[in-house]
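Quick note on numbering: my numbering labels position 45 of the sequence shown as 519, and the sequence is numbered without any gaps. Ideal placement from N, C-alpha and C gives every residue a C-beta, glycine not left out.
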Amino acid sequence: MILGIETSCDETGASVVKDTHEILSNTVEFQDEIHGPFGGVVPEFAARHHAEKIGLIYESALRKAGITACEINGVAVANGPGLVGSLLVGFMFAKGVAAALGIPLIPVNHIHAHIFMPRMIFGDRIKYPHYSALISGGHTFIIRADGELEYSVKAKTRDDAAGEALDKIAHFLKLGYPGGKAIEDLAEKGDPRKIEFPRVKLKDGSNDFSYSGIKTAAFHILTAKTGEKPDVTDLAAAYQKAVFDIFFASLESLMKKEPLPQVVFGGGVAANSYLRRRAADFGHDTGTEVYFPPAAYCTDNAAMIAGLGSAMLEKGKTYKNEDVFSRADYRKLL
Ligand code: KG4
Ligand code: ZN
């Protein structure tokens, strides 16, 4: 029975997972209302809110799982990447629980935990190797998973994450934060062919992507003093299409070089229904199996931390006092 703690960004999460795959509870507190007015996460507020809520969230996770603290065998905690202040709250809380109960502490890489999640949901249907496409407000990666604890990054964003690119335009259009869903809703009513956004192809031949070009182009269109103002639904449709064109161009090129039979999607942006249609078409055209876990397990959650922590504990990967909690350290993990 593993307790998972997640406070990498602006979700405060605690979860109890049994035998690596069975999710007994998954409690999450969102902070959208706190950060909404600022159009993005304010790190200081996020950390303070985690500190305020983490104890209650932990108690709620135990209660929902129907267990007492004494029944926990280990504490897994997200220790990066993420906002340092936010991470520290979760890490110190987890360290305290582990010390008080005399059980192992298992620091877990947040990105690896996202990739592990589909195995908890779909079990052996997810085979190794496969590609994991992780698209959220904080990260955009295509990662090759060769085993439960074996990962290699195949493509990453060079600047903004895909969700961030959607959020920034949504904020400019005063659609609220996070704005990915609002852009999706507007895009359903628009015609993507009305506006052409530039597509950046990186010169170094890598499969990495970049979103700053389309974001700047959108700002130029929206702030132009002359010319006809575009219909906002057409702009949303063209912009959303450009975001996913960039992503699929990278996935297609990767698949040509190193074809794998399955692609598993994750991250908050995986809730997008246009992306899901594009992924289904991609799967159909290339003979690839495509998987989307339920939305609650695509976004940041502590169940994925507990699950991966449990798999790591089985392999003896726990915290040692000489391990240093530093940014440099978790950069090395990817
Ligand atoms: O995984 P997540 O909850 O948090 C992290 O960023 O780690 O992802 C949040 C992101 C935001 O950028 C939000 O705008 C985006 O996911 N998002 C969507 C949709 N729902 C959430 N983007 C596009 N379409 C959606 N339906
Ligand atoms: Zn995440």
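Taking the alpha carbon of D506 as the reference point, which residue from G653, A769, K663 has its own alpha carbon closest?
By 1-based counting over the sequence shown, the position of residue 506 is 32. With distances taken between Cα atoms, D506 lies closest to G653.
I need the DSSP call for D719, collapsed to helix, strand or coil.
As a position in the sequence shown, residue 719 is number 245, starting the count at 1. D719 falls in the helix class under three-state DSSP.
Could you tell me how far apart the beta carbons of V617 and S606 are, in whole angstroms, since I believe they sit closer than 8 Å?
Mapped onto the sequence shown, residue 617 falls at position 143. Mapped onto the sequence shown, residue 606 falls at position 132. Looking at the sequence shown, residue 617 is not Val but Ile. Confirmed, about 5 Å.
DSSP three-state call for Y765: helix, strand or coil?
If you number the sequence shown from 1, residue 765 lands on position 291. It is a strand residue.
Is S610 near ligand 2, in the sense that its beta carbon is under 6 Å from a heavy atom of that ligand?
Here residue 610 refers to the residue found at position 136 of the sequence shown. It does: the Cβ of S610 is within 6 Å (strictly closer) of some heavy atom of ligand 2.
Report the rounded CA-to-CA distance for C483 versus G564, giving the unit in angstroms.
For the purposes of this step, residue 483 is taken as residue 9 along the sequence shown, with counting starting at 1. For the purposes of this step, residue 564 is taken as residue 90 along the sequence shown, with counting starting at 1. Answer to the nearest angstrom: the Cα atoms are 10 Å apart.
Label E702 either buried or exposed according to how many other C-beta atoms from any shown protein chain fall within 10 Å of its C-beta, with 16 as the threshold for buried.
Here residue 702 is taken as the residue at index 228 of the sequence shown, counted from 1. E702 comes out exposed.
Using a threshold of 7 Å, state whether the C-beta atoms of A770 and A550 are closer than that.
Sequence index remark: in the sequence shown, residue 770 carries index 296 (1-based). Sequence index remark: in the sequence shown, residue 550 carries index 76 (1-based). It is not a contact, given that the beta carbons lie outside the stated cut-off.
In this structure, does DSSP put K492 in helix, strand or coil?
Locating residue 492 in the sequence shown gives position 18, counting from the first residue. Correct three-state label for K492: strand.
Evaluate V627 with the Cβ neighbour count: other Cβ atoms within 10 Å of its Cβ, from every protein chain shown; 16 or more gives buried, anything less gives exposed.
The sequence position of residue 627 within the sequence shown is 153, counting from 1. The residue is exposed, with fewer than 16 neighbouring Cβ atoms inside 10 Å.
Please report the Cβ distance between T481 and A552, rounded to the nearest whole angstrom; I am assuming they are in contact, meaning their Cβ atoms lie under 8 Å.
Translated into positions along the sequence shown, residue 481 becomes position 7. Translated into positions along the sequence shown, residue 552 becomes position 78. At roughly 7 Å, the Cβ-Cβ gap stays under 8 Å, so T481 and A552 are in contact.
Following a CB-centred definition, is Y647 positioned closer than 6 Å to any heavy atom of ligand 1?
On the sequence shown, residue 647 is found 173 positions in, with the first residue counted as 1. Reading off the sequence, residue 647 comes out as Leu, not Tyr. Result no, Cβ not under 6 Å from ligand 1.
Distance, Cα to Cα, K675 vs M475?
Mapped onto the sequence shown, residue 675 falls at position 201. Mapped onto the sequence shown, residue 475 falls at position 1. Taking the straight line from one Cα to the other gives about 47 Å.
If I595 and P735 are in contact, beta carbons under 8 Å, what's the gap, nearest whole angstrom?
Along the sequence shown, read from residue 1 onward, the residue named residue 595 stands at position 121. Along the sequence shown, read from residue 1 onward, the residue named residue 735 stands at position 261. Not quite, the Cβ-Cβ distance comes to about 18 Å (not below 8 Å), so this is no contact.
What residue does the alpha helix (DSSP H) around F519 start on, and which one ends it?
Here residue 519 refers to the residue found at position 45 of the sequence shown. Residues 517 to 539.
Alpha carbon to alpha carbon, what distance is there between D598 and G761?
As a first step, residue 761 must be located in the sequence shown, where it is residue number 287. As a first step, residue 598 must be located in the sequence shown, where it is residue number 124. Whole-angstrom Cα-Cα distance: 19 Å.
Relative to the C-alpha of V737, which candidate in A661, A754, I531, A573 has its C-alpha closest?
Translated into positions along the sequence shown, residue 737 becomes position 263. Considering only alpha carbons, the answer is A754.
Can you give the Cα-Cα distance for G523 and R667, rounded to whole angstroms?
Translated into the one-based positions of the sequence shown, residue 523 becomes position 49. Translated into the one-based positions of the sequence shown, residue 667 becomes position 193. For clarity, residue 523 is His in the given sequence; the question names Gly instead. So the alpha carbons of these two residues sit roughly 43 Å apart.
Tell me whether E670 is buried or exposed, calling it buried when 16 or more other Cβ atoms sit within 10 Å of its Cβ.
As a first step, residue 670 must be located in the sequence shown, where it is residue number 196. Counting Cβ neighbours within 10 Å, E670 comes out exposed, since fewer than 16 surround it.
Indicate whether the contact test is met: 3 or more Cβ pairs, each with one atom in the stretch 524 to 537 and one in the stretch 484 to 504, closer than 8 Å.
The stretch 524 to 537 vs the stretch 484 to 504: in contact.
Among T707, S684, D633, F683, which has the Cα closest to the Cα of D659?
Taking the first residue of the sequence shown as 1, we reach residue 659 at position 185. If we check each option's Cα against that of D659, T707 comes out closest.
Could you check if Q583 is buried or exposed, using at least 16 other CB atoms within 10 Å of its CB as the buried criterion?
As a first step, residue 583 is located in the sequence shown; it is residue number 109 there, counting from the start. For clarity, residue 583 is Asn in the given sequence; the question names Gln instead. Buried, because 16 or more other Cβ atoms sit within 10 Å of the Cβ of N583.
Output the boundary residues of the alpha helix (DSSP H) element that contains R618.
Walking along the sequence shown from the start, residue 618 turns up at place 144. From DSSP, R618 is part of no alpha helix (DSSP H) but of the beta strand (DSSP E) over 614 to 621.
Do the stretch 686 to 702 and the stretch 564 to 580 touch if we need at least three Cβ pairs shorter than 8 Å?
Output reads no: the stretch 564 to 580 does not touch the stretch 686 to 702.
Rounded to the nearest angstrom, what separates L557 and E485 at their Cα positions?
In the sequence shown, counting from the first residue as 1, residue 557 sits at position 83. In the sequence shown, counting from the first residue as 1, residue 485 sits at position 11. Those two C-alpha atoms are separated by around 11 Å.
Which of the three DSSP states is assigned to A780 in this structure?
Position 306 of the sequence shown, counting from 1, holds the residue named residue 780. Residue state, collapsed to three classes: helix.
Alpha carbon to alpha carbon, what distance is there between D759 and A619?
Here residue 619 refers to the residue found at position 145 when the sequence shown is read from its first residue. Here residue 759 refers to the residue found at position 285 when the sequence shown is read from its first residue. C-alpha separation (whole angstroms): 22 Å.
Less than 7 Å between the C-beta atoms of L725 and A587, yes or no?
Counting from one through the sequence shown, the residue named residue 725 turns up at place 251. Counting from one through the sequence shown, the residue named residue 587 turns up at place 113. The answer is no: Cβ separation not under 7 Å.
Does K527 get closer than 7 Å to chain B when you measure Cβ to Cβ?
Annotation note: the requested chain B is absent from the structure, which comprises a single protein chain.
Only counting the same chain, and skipping five residues up and downstream in sequence, which positions put a Cβ closer than 8 Å to that of V429?
No information on residue 429 is available, as it lies outside the stretch 475 to 808 that the chain covers here.
In chain order, what residues of the same chain lie with their CB nearer than 6 Å to the CB of M786, ignoring the 5 residues before and after it?
Residue numbering aside, residue 786 sits at position 312 when the sequence shown is read from its first letter. I580.
Please classify P555 as buried or exposed, where buried requires at least 16 other C-beta atoms within 10 Å of its C-beta.
On the sequence shown, position 81 is the one that residue 555 refers to. When all chains shown are included, P555 counts as buried.
Report whether the distance from the Cβ of T700 to the nearest heavy atom of ligand 1 is below 6 Å.
Within the sequence shown, numbered from 1, the residue matching residue 700 stands at position 226. Not under cutoff, so the answer is no.
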